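Visitor: Before I ask anything, let me first share the structure, which is written out below as structure tokens.
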Amino acid sequence: MQRSIGNETRFRVLNALVDVGSQSASELRDRLEIESNVLHYHLDELVDVGLVENRKRKEPDSDGLYSYYRATSLGEGILEHGVRELMRREWDALEEYSA
Numbered sequence: 884m885q886r887s888i889g890n891e892t893r894f895r896v897l898n899a900l901v902d903v904g905s906q907s908a909s910e911l912r913d914r915l916e917i918e919s920n921v922l923h924y925h926l927d928e929l930v931d932v933g934l935v936e937n938r939k940r941k942e943p944d945s946d947g948l949y950s951y952y953r954a955t956s957l958g959e960g961i962l963e964h965g966v967r968e969l970m971r972r973e974w975d976a977l978e979e980y981s982a
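Take any residue in the sequence shown, count from 1 to its spot, add 883: that is its number in my numbering.
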């Protein structure tokens, strides 16, 4: 699982889903400025480990979209209480030693 978010693209995808909420693949592609095939590869990896889920609708929304991705509670927790907390501590340590 750590390997999954250790990849920069997967980290960016999960981070975007946690920050913004549910997004279609095309919205994520535009937001992150990455190719569709690259995005789908990384989305599949995140879905496989349970950090992201793909929600499908029976009827399209106003944009004609059926499928949306969102971070699972596990994905949110790992990002917020794992990765982001570690990043905050690293920044605090850098500031402390820089002063």
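All C-beta atoms, glycine included, are put in the ideal place defined by N, C-alpha and C. All figures in this text were calculated on a predicted structure; none of them were measured in a lab.
DSSP three-state label for residue 976, please.
Guide: On the sequence shown, position 93 is the one that residue 976 refers to. Of the three classes helix, strand and coil, the one that applies to residue 976 here is helix, per DSSP.
Visitor: Terminal residues of the continuous beta strand (DSSP E) containing residue 951?
Guide: Your numbering for residue 951 matches position 68 in the sequence shown. Per DSSP, residue 951 belongs to the beta strand (DSSP E) from 950 to 954.
Visitor: What's the C-alpha gap between residue 892 and residue 942?
Guide: Numbered from its first residue, the sequence shown carries residue 892 at position 9. Numbered from its first residue, the sequence shown carries residue 942 at position 59. Cα to Cα, the separation comes out at about 30 Å.
Visitor: Can you find the residues in the same chain that come closer than 7 Å, C-beta to C-beta, to residue 930, ignoring five residues on each side of it along the sequence?
Guide: Sequence index remark: in the sequence shown, residue 930 carries index 47 (1-based). So the list reads 936 and 937, once near-sequence residues are dropped.
Visitor: Applying the criterion that 16 or more other CB atoms from any shown protein chain within 10 Å of the CB defines a buried residue, is residue 925 buried or exposed?
Guide: The residue given as residue 925 occupies position 42 in the sequence shown. Classification of residue 925: buried, given that the 10 Å Cβ count is 16 or more.
Visitor: Going by DSSP, what residues sit across from residue 893 in a beta bridge?
Guide: For this step, residue 893 is matched to residue 10 along the sequence shown. Looking at the DSSP assignment, residue 893 forms no beta bridge with any residue, so it has no partner.
Visitor: Check whether the Cβ atoms of residue 899 and residue 923 sit closer than 9 Å, and answer yes or no.
Guide: Indexing the sequence shown from 1 puts residue 899 at position 16. Indexing the sequence shown from 1 puts residue 923 at position 40. Contact flag unset, no.
Visitor: Taking the beta strand (DSSP E) that residue 935 belongs to, which residues open and close that run?
Guide: Position 52 of the sequence shown, counted from the first residue, corresponds to residue 935. First-last of the beta strand (DSSP E) with residue 935: 935 to 939.
Visitor: For the alpha helix (DSSP H) that contains residue 925, what are its first and last residues?
Guide: Counting from 1 along the sequence shown, the entry for residue 925 is found at position 42. That run of the alpha helix (DSSP H) goes 919 to 931.
Visitor: Give me the Cβ distance between residue 962 and residue 897, rounded to the nearest whole Å; I'm assuming they're in contact under 8 Å.
Guide: Numbered from its first residue, the sequence shown carries residue 962 at position 79. Numbered from its first residue, the sequence shown carries residue 897 at position 14. Residue 962 to residue 897, Cβ: 6 Å. Contact.
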